[in-house]
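Report on one structure; see the data block that follows.
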Amino acid sequence: MTILSQNLTITVAPNASTHRIDRRVYGQFAEHLGRCVYEGLWVGPDSEIPNKNGLRKDSIAALRQIKVPVVRWPGGCFADEYHWLKGVGPERQPMVNNHWGGVIEPNVFGTHEYFELLNQLDAEAYINGNLGSGTVQEMTDWIEYMTLESTSPMAELRKSHGRVQPWKIEFFGVGNENWGCGGNMPPEHYASLYRQYQTYVRNYGDNHIQKIACGPNADDYNWTDVVMSSAGKYMDMLSLHYYTIPTGDFSAKGLALDFDEQEWHDTLAQTRRMEELISRHSAIMDIHDPRKRVGLAVDEWGTWYDVEPGTNPGFLFQQNTIRDALVAAINLNIFHRHADRVRMANIAQMVNVLQAMLLTDGPALIKTPTYHVFDLYSDHQDADYVPTVGDLGEQGDCTVSHKDDAYTISLVNAGLDHEIGAAVQLPGQISEVLRAQGITGATHTSHNTFDAPDAVSPADLDGLRVDGRHLRVTLPPRSVATVRVSLVE
Ligand code: AHR
Numbered sequence: 032m033t034i035l036s037q038n039l040t041i042t043v044a045p046n047a048s049t050h051r052i053d054r055r056v057y058g059q060f061a062e063h064l065g066r067c068v069y070e071g072l073w074v075g076p077d078s079e080i081p082n083k084n085g086l087r088k089d090s091i092a093a094l095r096q097i098k099v100p101v102v103r104w105p106g107g108c109f110a111d112e113y114h115w116l117k118g119v120g121p122e123r124q125p126m127v128n129n130h131w132g133g134v135i136e137p138n139v140f141g142t143h144e145y146f147e148l149l150n151q152l153d154a155e156a157y158i159n160g161n162l163g164s165g166t167v168q169e170m171t172d173w174i175e176y177m178t179l180e181s182t183s184p185m186a187e188l189r190k191s192h193g194r195v196q197p198w199k200i201e202f203f204g205v206g207n208e209n210w211g212c213g214g215n216m217p218p219e220h221y222a223s224l225y226r227q228y229q230t231y232v233r234n235y236g237d238n239h240i241q242k243i244a245c246g247p248n249a250d251d252y253n254w255t256d257v258v259m260s261s262a263g264k265y266m267d268m269l270s271l272h273y274y275t276i277p278t279g280d281f282s283a284k285g286l287a288l289d290f291d292e293q294e295w296h297d298t299l300a301q302t303r304r305m306e307e308l309i310s311r312h313s314a315i316m317d318i319h320d321p322r323k324r325v326g327l328a329v330d331e332w333g334t335w336y337d338v339e340p341g342t343n344p345g346f347l348f349q350q351n352t353i354r355d356a357l358v359a360a361i362n363l364n365i366f367h368r369h370a371d372r373v374r375m376a377n378i379a380q381m382v383n384v385l386q387a388m389l390l391t392d393g394p395a396l397i398k399t400p401t402y403h404v405f406d407l408y409s410d411h412q413d414a415d416y417v418p419t420v421g422d423l424g425e426q427g428d429c430t431v432s433h434k435d436d437a438y439t440i441s442l443v444n445a446g447l448d449h450e451i452g453a454a455v456q457l458p459g460q461i462s463e464v465l466r467a468q469g470i471t472g473a474t475h476t477s478h479n480t481f482d483a484p485d486a487v488s489p490a491d492l493d494g495l496r497v498d499g500r501h502l503r504v505t506l507p508p509r510s511v512a513t514v515r516v517s518l519v520e
């Protein structure tokens with residue numbers, strides 16, 4: 032039975048100090064893992080699946096709609112085994128993808144194809160380099176290959192492969208999870224290697240690369256302290272990886288579709304840990320970098336379940352329900368609150384892997400509930416975060432932001448059996464409602480399938496009321512809503 036909780040009011044506090052929500056917290060992650068790059072994005076120019084230069088048109092169109100700002104590639108654990116020279120030129124050299132199913136990686140999708148993906152998405156580059164098993168020479172050659180315009184062996188090689196102009200690289204990661212799959216290093220060892228490798232991540236011409244150091248796994252605060260203390264001045268960002276695992280136990284994580292109401296609440300409690308992790312890592316960073324020059328890049332986050340029964344365990348394929356939508360919205364709200372330090376976040380992963388935006392099956396494609404949250408939240412990109420006073424109760428959460436003379440208000444009800452009557456007081460008379468949409472699930476496991484692709488999809492909000500400076504919304508259980516309004520001048 033659904034009960035109406037008491038009406039709760041939040042008041043927008045326009046004069047409180049604020050910060051910009053960097054659009055890059057809406058970043059994505061595409062690893063050579065399972066069916067993310069191959070099938071999900073790349074089908075090749077000869078495929079019967081409609082494509083442009085080998086990239087499937089339906090994926091690109093859907094991803095353009097949510098304004099993907101940046102794509103992290105090629106991994107993940109894959110990055111520290113990737114040797115980029117095998118993935119350029121006419122003679123591609125296959126390799127074994129040891130981390131992900133031991134399958135043959137054909138290296139058909141390489142540097143040139145990645146920049147074509149960015150070009151079609153209109154997104155920025157975030158390349159993760161190989162520190163775990165690659166050499167300094169290999170890393171510096173790759174930078175030269177991609178970004179040096181003038182005559183040099185690497186620039187000439189690029190030109191011989193058909194690309195005359197250099198590309199721009201906005202972000203470069205020096206290793207990935209080097210405390211684990213990227214070399215099992217203690218932080219002192221990684222910090223020394225980071226200082227060495229990053230020296231050769233050079234800026235050519237007017238290209239300016241922001242260097243990202245491998246940061247901690249979840250609550251490894253010692254890693255942050257050691258790496259910031261030793262190498263903080265050589266980096267622009269430090270990464271943080273934290274996944275939502277319903278049980279908190281990596282060996283038995285829980286399933287994407289088959290879970291009870293207790294597991295719903297446990298999952299969201301695991302998600303809310305992100306707030307404490309960011310606060311505590313940020314406080315340690317403050318000791319070494321009080322002016323917050325170094326950003327935190329939460330460059331892997333999202334739900335991680337046991338794989339769908341019957342699928343390759345190395346491919347990390349999982350379904351996505353209204354629970355994932357709530358996980359996405361709560362995480363994004365946390366990133367917004369901490370956007371003075373969190374300058375990028377990359378959900379894992381873009382297509383067919385972990386908490387994906389899109390799922391594909393041959394030529395068919397569906398959008399997940401998570402995708403719809405990224406769509407509902409897209410107006411927060413590069414907006415000013417607006418602090419609020421009051422709250423929406425234990426299961427509620429919200430973000431208010433301001434951009435282009437309009438306020439965007441996103442509201443969450445993570446409860447399973449009660450509505451929230453939310454009143455939002457704006458700092459002036461509301462003149463126009465520009466958008467009012469939300470998603471909810473008929474049950475706590477509602478999700479989209481190839482037979483029912485729109486079971487969970489945005490609908491116009493019922494019962495929205497505007498009353499002077501107040502916006503009144505009833506949030507059903509299991510829901511995320513966004514209202515965008517302009518005020519009378
Ligand atoms: O996203 C899947 C894997 O999770 C990544 O390859 C790795 O960095 C992390 O452990």
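Heads up: the sequence shown runs through residues 32 to 520, numbered per this note's numbering.
All C-beta atoms, glycine included, are put in the ideal place defined by N, C-alpha and C.
Put simply, of 308, 241 and 211 the residue whose alpha carbon is nearest the alpha carbon of residue 249 is 308. Between the segment 146-162 and the segment 187-200 there are three or more C-beta pairs closer than 8 Å, enough to call the two in contact. Here the C-alpha atom of residue 446 lies approximately 40 Å from the C-alpha atom of residue 74.
Contact annotation: the segment 294-306 touches the segment 345-360, with at least three C-beta pairs closer than 8 Å. Exclusion of the five residues before and after residue 105 leaves 63 and 113 as the residues of its chain whose Cβ lies within less than 6 Å of its Cβ. The beta carbon of residue 245 sits no closer than 6 Å to any heavy atom of the ligand AHR. Under the DSSP assignment, residue 381 falls outside any alpha helix (DSSP H); it carries neither an H nor an E label. Proximity of the segment 484-494 to the segment 451-463 falls short of the contact definition, fewer than three beta-carbon pairs being nearer than 8 Å.
Residue range 241-244 is occupied by the beta strand (DSSP E) that includes residue 244.
The C-beta separation of residue 362 from residue 287 comes to about 17 Å, leaving the pair out of contact by the 8 Å criterion.
At a cut-off of 6 Å, the beta-carbon of residue 494 does not count as near the ligand AHR: no heavy atom of the ligand is closer than that. The Cβ neighbour count for residue 239, taken over all protein chains shown within 10 Å, is under 16; the residue is labelled exposed. Relative to the ligand AHR, the beta carbon of residue 339 is positioned no closer than 6 Å to any heavy atom. Residue 379 has its Cβ nearer than 6 Å to a heavy atom of the ligand AHR. In its chain, beyond the 5 residues on either side, 91 and 151 have a beta carbon closer than 8 Å to the beta carbon of residue 83. Taking a cut-off of 8 Å for Cβ pairs, the segment 203-221 and the segment 184-191 do not touch, as fewer than three such pairs fall below it. Straight-line spacing of the CA atoms in residue 103 and residue 498 works out to 44 Å. Uninterrupted beta strand (DSSP E) stretches at least 3 residues long and entirely within the segment 290-378 occur at 326-334, given in chain order.
Here residue 87 has 74 and 80 as same chain residues with Cβ atoms under 6 Å from its own Cβ, once five neighbours each way along the sequence are excluded. Annotation: residue 49 is outside any alpha helix (DSSP H) and is labelled neither H nor E by DSSP.
Counting only unbroken stretches of 4 or more residues, the alpha helix (DSSP H) elements lying wholly within the segment 133-160 are 142-152, in sequence order. Counting C-beta pairs with one atom in each stretch, the segment 429-443 and the segment 471-482 have fewer than three that are closer than 8 Å, which means they do not touch. Each of 50, 67, 51 and 55 was checked against the Cα of residue 390, and the nearest Cα belongs to 67. Scanning its chain for C-beta atoms nearer than 8 Å, with the 5 sequence neighbours on each side dropped, one finds around residue 127 the residues 133, 134, 135 and 136, in chain order. The Cβ neighbour count for residue 483, taken over all protein chains shown within 10 Å, is under 16; the residue is labelled exposed.
Taking the Cα positions, residue 343 is about 38 Å away from residue 226. When secondary structure is reduced to three states using DSSP, residue 213 falls in the coil class, being assigned neither helix nor strand.
DSSP places residue 503 within a strand segment (E or B) once states are collapsed to three.
CA-to-CA, the gap between residue 280 and residue 274 works out to about 11 Å.
Judged by their CB atoms, residue 42 and residue 326 are not nearer to each other than the 7 Å cut-off.
Using a cutoff of 6 Å, the CB of residue 112 does not count as near the ligand AHR, since none of the ligand's heavy atoms is closer than that. Looking only at 345, 399, 386 and 293, the smallest Cα-Cα distance to residue 65 is reached by 345. Of 464, 423, 470 and 437, the smallest CA-CA separation from residue 453 is found for 423. Annotation: residue 187 to residue 119 spans about 13 Å, alpha carbon to alpha carbon.
In the same chain as residue 415, and ignoring 5 residues on each side of it, the C-beta atoms closer than 8 Å to its own belong to 49, 50, 51, 52, 432, 433 and 434, in chain order.
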